[in-house]
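Colleague:
Chains as they are written, first to last, in my numbering: chain A, 151 to 487; chain B, 3 to 636; chain C, 699 to 903.
Written out as structure tokens, the structure is:
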């Protein structure tokens, strides 16, 4: 039994060490995550070694003892164990050495992660809501805040300092490829630094149980060159463009004068609600409802008319619309790039 | 253990003195530690089955991406009920039950220090079980996990009574656990057999003693914090309301002050089981007895210095994180020392590979994985990647199932003959062992990888694009095999109860005093008080066990000895059966349930509690013949 | 019974006494166990108080006056004075003085009930309600926690006194009186840190 497990273990460990996707600490794309990943590798090496030692000790011990299995007679009382005592001391010493290595490694990584704090950083506020993320960028030009939701863009190679707060319950901000997770706690502001080292799309997800739709509180993360990032931010700063055709105009009419505007804001229109995500550049995002659905017109239309189907328990109420109106609204929203 | 020189008449009297009332009356009034423990065990087995079914239901839901067979509400209720049941109603109570059953037997005693308190513990524990599961039958189920962090569990985000039920269920079980712990601690300190000095205390008794002390210092925290939560919900206190100067993080500190020691309160008795089983089945005295005792002490002490490692993602000061990282990792040293001692004993003994020992071997190979993944989560920066993912789900199942349930199954197989007088079927025992062991590892090892692939815990579904589907399917299949193995284990116990081979007093050749009693032990356990001259009295006094006579036979009496030397001090009356524990528990239940609805329940509910306790403690003695209230016309 | 291990009698316990006092008695250890539980609860409540105090800028918060000092001063004095009869009862119990424990427990019951008067008035002079803010919640929690212990012990003493007057007192009951007196001392001692937190921390913290 032990032998079979022994043979299996490296295979399993190797498997676990290699695979990592767009939401995994195993495929670091940020300085912080890379630093922690190196600690993880150290841990795997030390702990794997210790585990093999335990298995080897148990296996050899049992094999030796098996030879005496047939022996009968009285139990042996307090046999002389001097060799074992020396072994115990050596074992304890080995554990102490192993722990010292790991504790030191842990301290160093902790320092490295905190080290980025001294640098100049882009300032971003992320606020947790049941069950979506409010995201605000400090406007480099005016010093005001540019708001978006559920999609975080980061400049490659630069440190972004994210200030984490919550408007309701405790959530946890976690983009594993780039950095460690940190909680969003009402009444507190936590700060986490993200220094991406690889461009592309990543995904984050709320990591602290926050109610019925905790499973659908994801975050798309786009890492781009500083130039592309600057272009994107400039785009976000702009108010929504005026609709170009009558269908889109009808869509805007419904959104900004109907119930949508009670909760959602579209800058440049009469919609100034604050309870739900800002929709000013909604159509430019990658997904709908905090990563629940892909950004397609069908998904948007379904989401508006029957949000409870895709995300049961969401705060978004169903909006009763005629098919033509639903079509106009979804076209208008998709047009908000 | 009958002494041929004890006249049969005397023995007859002893049986009468310790007998319960017959039938239903005996059922409600018994204070026999063995009956009480059996009740605990039966309740726990039922709950294990129910919570296991919940787990299977969740595993079915997660077996494939985008499943819609469970609503998020049902899923959230399921994991909340599963976790709360397993931690509050199964793990801790089952260890107490083993202590309540075994400690007096291992000490050669006829009863616990406070027999009525043990009965009270069970009834109150049952109250906690009903508190959680009866509302569940009516569709009111806690839905916020086994730790309900405010503000999510506060008045604003959790209206209704789901969170109150959870909080008050905890109060029930923790009062029960505290009472049981005081009972066990006092028994170990003051009721050891003559000659059982501190170095001669069996390791399981040490483990239960230390677990009891930990309980006494840890559990008040969770009772307090859940009471504060109820107060926030019921009378608008502001303990956890950030807007009014409160702090939701205070809840976490108090909860984990209890929550981390809780793991070791579960683990230490398991380490006690392992030590006893390893010794018996290696047929040699355990190597490093003193080292194991010191390790247990070290674990008990360290347990109170590392609760913050559950809160690394909260954003506490870095210096604090460093300290708690080091303290948490330090636990590996005593745990590693214990592992060494067990393996060394096996290696230098002449082991017989019966089912109890198989469970211990399974314990070693799985628990060490849980311990090592524990070292990883103890590191503050690494934990900030691992916490709240499936890695942690895997980790604590390896610790709690591998580290506590496997030894428990081993202990169950080991002491079953003593409790019932019959042997379990070895064949079915081994089949169920391989199913549970194999199924568990197949089910839970992949979860480590899922966590590293970014799967958070407590999500009711996941998208196909996440790539978590195949490993989840493997995990679901493994869990199903393990649950089937568990059912087989219980079926074996039920079948063997009627059909098993007769066991005799000492079927495994064990060394400690419980094996000197008949199987199953009579209500008074031992005809005479054993005297101990070593750690392994049944091995050193192979031919005849030394005993002392002279305890009363015509009434219930136990021997009280000194704390360090275990020298006989006096003979203590042991209380007879009584309805008082049940009545008091019912009164306390009324108070606890009432206080969910109105704070005034604490006032009017106190009246029946006071009456119940007065009935309980009212000494039965002659009326006074002196003083102003003496009986005048006798 | 055939199902038995052979034994050899090496001693006889029938000469042992049937009761003991102080730390030799089993119940004394049970009492210690429950004191440890409640002591832990007090310590944790105090910890919670200090924790929030360290998190908060103003303690008490702006606009809240610290609790008045007169009535707690009366209570504190009363608690300390009550230790004189309490220790006397304890001595009577150790000396197995039947008349002494009867009078003593009665006196302690009356004294305890009298002490509830200043305690009751204290609640009216905290200058904060439990629902005002977290400071108020903690202040009330500490005071309610301590009051519940006062009431419990007074109730216990009263029941004990009734029993003692109406029954023949045995050795175990003397031990019970001793344990109850020890518990009162515990309640008095816990008041020192609890009272200091409630009344002094808002002034000097």
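Just so you know, even glycine gets a beta-carbon here, dropped at the ideal spot from N, CA and C.
Here the structure is a predicted model, which means the values were calculated and not measured.
#1: Assuming residue 631(B) and residue 863(C) are in contact, meaning their beta carbons sit under 8 Å apart, how far apart are those beta carbons, in whole angstroms?
#2: Would you identify the three-state DSSP class for residue 108(B), choosing helix, strand or coil?
#3: If we cut at 8 Å on Cβ distances, does residue 372(A) have a partner in chain B?
#4: Within 8 Å (strictly less), CB to CB, does residue 462(B) reach chain C?
#5: Below 7 Å CB to CB, which residues in the same chain sit around residue 45(B) once its five sequence neighbours on both sides are set aside?
#6: Between residue 215(B) and residue 302(B), which are expected to be in contact by the criterion C-beta below 8 Å, what is the C-beta distance as a whole number of angstroms?
#7: Taking only runs that begin and end inside the region 347-392 of chain B, name each unbroken alpha helix (DSSP H) of 4 or more residues, in chain order.
#8: What in chain A is Cβ-close to residue 78(B), meaning under 9 Å?
#9: Going by DSSP, which residues form a beta bridge with residue 458(B)?
#10: DSSP three-state label for residue 167(A), please.
#11: What's the C-alpha gap between residue 77(B) and residue 60(B)?
#12: Give me whichever residues DSSP pairs with residue 548(B) in a beta bridge.
#13: For a minimum of 4 consecutive residues, which ranges assigned as the alpha helix (DSSP H) are wholly contained in the region 556-626 of chain B?
#14: Evaluate contact between the region 383-394 of chain B and the region 320-331 of chain A, counting only Cβ atoms and requiring at least three cross-stretch pairs below 8 Å.
#15: Taking its Cβ as the centre, do 16 or more other Cβ atoms sit within 10 Å of residue 602(B), making it buried, or is it exposed?
#16: Listing by chain order, which chain B residues have their CB less than 7 Å from the CB of residue 468(A)?
#17: Leaving out the 5 sequence neighbours to the left and right, which residues in its chain are closer than 6 Å to residue 514(B) when beta-carbon positions are compared?
#18: Name the DSSP beta bridge partners of residue 340(A), please?
#19: Closer than 8 Å by C-beta to residue 848(C): which residues in its own chain qualify, once you throw out the five before and the five after it? Chain order, please.
#20: Does chain B have any CB closer than 8 Å to the CB of residue 487(A)?
#21: What number of angstroms, rounded off, separates the C-alpha of residue 300(A) from the C-alpha of residue 279(A)?
#22: Any beta carbon of chain F sitting closer than 8 Å to that of residue 831(C)?
#23: Can you tell me whether residue 355(A) is helix, strand or coil according to DSSP?
#24: Going by the beta-carbon positions, is the gap between residue 419(B) and residue 361(B) smaller than 8 Å?
#25: Cutting at 7 Å between CB atoms, please list the residues of its own chain near residue 335(B), excluding the five before and the five after it.
#26: For the 8 Å Cβ check, are there 3 or more pairs between the region 240-255 of chain B and the region 152-161 of chain B?
#27: Please go through the region 415-478 of chain B and give each complete beta strand (DSSP E) segment of 3 or more residues, from N-terminal end onward.
#28: Can you find a C-beta in chain B that's less than 8 Å from the C-beta of residue 866(C)?
#29: Which residues of chain A have a Cβ atom closer than 9 Å to the Cβ of residue 268(B), listed in chain order?
#30: How is residue 5(B) classed by DSSP in three states: helix, strand or coil?
#31: Report the rounded CA-to-CA distance for residue 581(B) versus residue 118(B), giving the unit in angstroms.
#32: Which two residues bound the contiguous alpha helix (DSSP H) that contains residue 192(B)?
#33: Could you confirm whether any beta carbon from chain B is found closer than 8 Å to the beta carbon of residue 774(C)?
#34: To the nearest whole angstrom, what separates the beta carbons of residue 569(B) and residue 563(B), a pair I think is in contact under 8 Å?
#35: Would you list, in sequence order, the uninterrupted alpha helix (DSSP H) runs of no fewer than 4 residues that lie entirely inside the region 62-104 of chain B?
#36: Using only alpha-carbon positions, find the residue among 374(B), 422(B), 243(B), 201(B) that is nearest to residue 536(B).
Modeller: Taking the geometry as given:
#1: Between residue 863(C) and residue 631(B) the Cβ distance is about 4 Å, and since that is below 8 Å, they are a contact.
#2: helix
#3: no
#4: Judged by the 8 Å Cβ criterion, residue 462(B) is not in contact with chain C.
#5: 128, 131
#6: Indeed they touch by this definition, with Cβ atoms about 7 Å apart.
#7: Secondary structure within the region 347-392 of chain B: the alpha helix (DSSP H) runs of 4 or more consecutive residues, fully enclosed, are 357-380, 382-388 (chain order).
#8: Those are 359, 361, 362, 364, listed as they occur along chain A.
#9: 391(B)
#10: Confidence at residue 167(A) is low in this model, with a pLDDT of 47, below 50, so the placement of that residue should be treated as unreliable; the coordinate-derived value is given next. Correct three-state label for residue 167(A): helix.
#11: 7 Å
#12: 706(C)
#13: Listed in chain order, the alpha helix (DSSP H) runs fully inside the region 556-626 of chain B are 582-599, 603-606, 608-619, counting runs of at least 4 residues.
#14: Flag = yes, the region 383-394 of chain B and the region 320-331 of chain A touch.
#15: exposed
#16: Those within 7 Å of residue 468(A) in chain B number zero; the least Cβ separation is about 17 Å.
#17: 108, 204
#18: 314(A)
#19: 810, 813, 814, 817, 885
#20: Cβ-Cβ to chain B under 8 Å: no for residue 487(A).
#21: 11 Å
#22: The structure shown contains no chain F; its protein chains are A, B and C.
#23: Look at residue 355(A) here: in three-state DSSP terms it is strand.
#24: no
#25: none
#26: Yes, they touch.
#27: Whole beta strand (DSSP E) segments, 3+ residues: zero.
#28: yes
#29: Ordered by position in chain A, no residue passes the 9 Å Cβ test against residue 268(B), which lies about 21 Å from the chain.
#30: Note that residue 5(B) scores 49 on pLDDT, short of 50, meaning its location in the model is unreliable; the coordinates nonetheless yield the value given after this. Of the three classes helix, strand and coil, the one that applies to residue 5(B) here is coil, per DSSP.
#31: 9 Å
#32: 164-192
#33: Taking Cβ atoms only, chain B never reaches closer than 8 Å to residue 774(C), which makes this a no.
#34: 6 Å
#35: Segments of the alpha helix (DSSP H) lying fully in the region 62-104 of chain B: 74-86.
#36: 201(B)
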